[in-house]
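Following my numbering, the residues of the sequence shown are numbered contiguously, the last one being 272.
Note that the Cβ used here is the ideal one computed from N, Cα and C, for glycine as well.
Taking it in order: structure first as structure tokens, then the write-up.
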Amino acid sequence: MSNVDPHELEKFSAAAHRWWDKDSEFRPLHEINPLRLAWLDRLASIRGKRVLDVGCGGGILAEAMATHGAAAVTGIDLGSKALGVARLHALESGLENLDYVEISAEALAAAQPASFDVVTCMEMLEHVPNPASTVQACADLVRPGGWVFFSTINRNPKAFLLAIVGAEYLLKLLPRGTHEYDRFLRPSELAHHVRRVGLELIDSQGLSYNPVTRRYRLAPDTSVNYLIACRKPGR
């Protein structure tokens, strides 16, 4: 429990009942979900795989991976209210290959190392006190030859203007205070964490938003939101 910010947990717990409301503050997650799912599936081919979603929240990505052919999906989070919403939605969706556990990535890595073919950790690193610890846990959880995917926000003036001023204050895509600029991670910093734990950086993509068309797309520009794909060397 050391790598957790109680304020962040409380912030997301207060909004837990709105996770599956596509007109709520979680609307951006619903809109980018098909993009990130298609990208990670193209690289890792999740069909028939054992998948872990770290920081799953209400289960938007976890449930999508379960319906997309993964053999078994486990979502973990420390937010009990969000997990309650995720479990209820999975039950309503009739998904038997999806399970949710209230546990930290570090604790699960100690209990079940090298247990998953694919590990995802999306939109979480900017909300924990020690992102390097989360990256280490993800590397420990994936089997040799498996894939690990991260997404987060770059730290630079452009990201501050678009991800905080634009998204939270002007466009109101997110509630004010959703993000703290000092917790954003430059791609070079995340790459350093990834390589330090023995993962190979395979691909990166930026995620951009057009306020006119109100559409997201993947693009090479990683100056604001970005995703990276890694593999663990081995069989």
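**Message:** For isoleucine 69, tell me which candidate among Pro43, Leu46, Ala101, Ala81 has the shortest Cα-Cα distance.
**Reply:** When only C-alpha atoms are compared, the closest one is Ala101.
**Request:** Inspect the CB distances between the region 52-68 and the region 86-100 and report whether three or more fall short of 8 Å.
**Result:** Touching, yes.
**Item:** Environment of asparagine 193 [buried if 16+ CB atoms lie within 10 Å]
**Value:** So asparagine 193 counts as exposed.
**The beta strand (DSSP E) enclosing serine 188, as first and last residue numbers** = Unbroken beta strand (DSSP E) run through serine 188: 179-190.
**Request:** Closer than 8 Å by C-beta to threonine 261: which residues in its own chain qualify, once you throw out the five before and the five after it? Chain order, please.
**Result:** In the sequence as presented, threonine is not what sits at residue 261; that position holds valine. Here valine 261 has Ile190, Asn191, Lys195, Ala196, Leu199, Ala200, Gly243, Leu244, Ser245 as same chain residues with Cβ atoms under 8 Å from its own Cβ, once five neighbours each way along the sequence are excluded.
**Message:** Once the 5 residues before and after arginine 232 are set aside, which same chain residues still bring their CB inside 8 Å of it?
**Reply:** So the list reads Leu238, once near-sequence residues are dropped.
**Contact under 9 Å by Cβ, valine 155 with leucine 77** = Yes, the Cβ-Cβ distance between valine 155 and leucine 77 is below 9 Å.
**Message:** Tell me which residues share the same chain as proline 150 and place their Cβ nearer than 6 Å to its Cβ, disregarding the 5 neighbours each side in the sequence.
**Reply:** Within the same chain, proline 150 has close Cβ partners Asp177.
**Asked** Shortest alpha-carbon distance to alanine 109 belongs to which of Val91, Ala123, Lys86?
**Response** Per the C-alpha coordinates, the member of Val91, Ala123, Lys86 positioned closest to alanine 109 is Lys86.
**Prompt:** According to the neighbour-count rule (16 or more other Cβ atoms, all chains shown, within 10 Å of its Cβ), is glutamate 45 buried or exposed?
**Reply:** Around the beta carbon of glutamate 45, 16 or more other beta carbons sit within 10 angstroms, so the residue counts as buried.
**Asked** DSSP state of glycine 203, grouped into three classes?
**Response** Reduced to three states, the DSSP call for glycine 203 is helix.
**Item:** Identified DSSP bridge partners for phenylalanine 153
**Value:** Partner residues in the beta bridge of phenylalanine 153, as assigned by DSSP, are Val179.
**Identity of the residues DSSP links to alanine 256 by a beta bridge** = According to DSSP, alanine 256 bridges with Gly243.
**Request:** Could you tell me the boundaries of the beta strand (DSSP E) in which leucine 87 lies?
**Result:** Reading off the sequence shown, one finds arginine at residue 87, where the question assumed leucine. Its beta strand (DSSP E) spans residues 87-91.
**Asked** Exposed or buried, what is serine 141 when buried is set at 16 or more other beta-carbons lying within 10 Å of its beta-carbon?
**Response** Answer is buried; the Cβ neighbour count reaches 16.
**Euclidean distance between Cα positions of leucine 72 and leucine 66** = Between the alpha carbons of leucine 72 and leucine 66 lies a distance of about 10 Å.
**Item:** Selection from Asp114, Gly121, Val88 that minimises the alpha carbon distance to histidine 105
**Value:** Minimum Cα distance to histidine 105 is reached at Val88.
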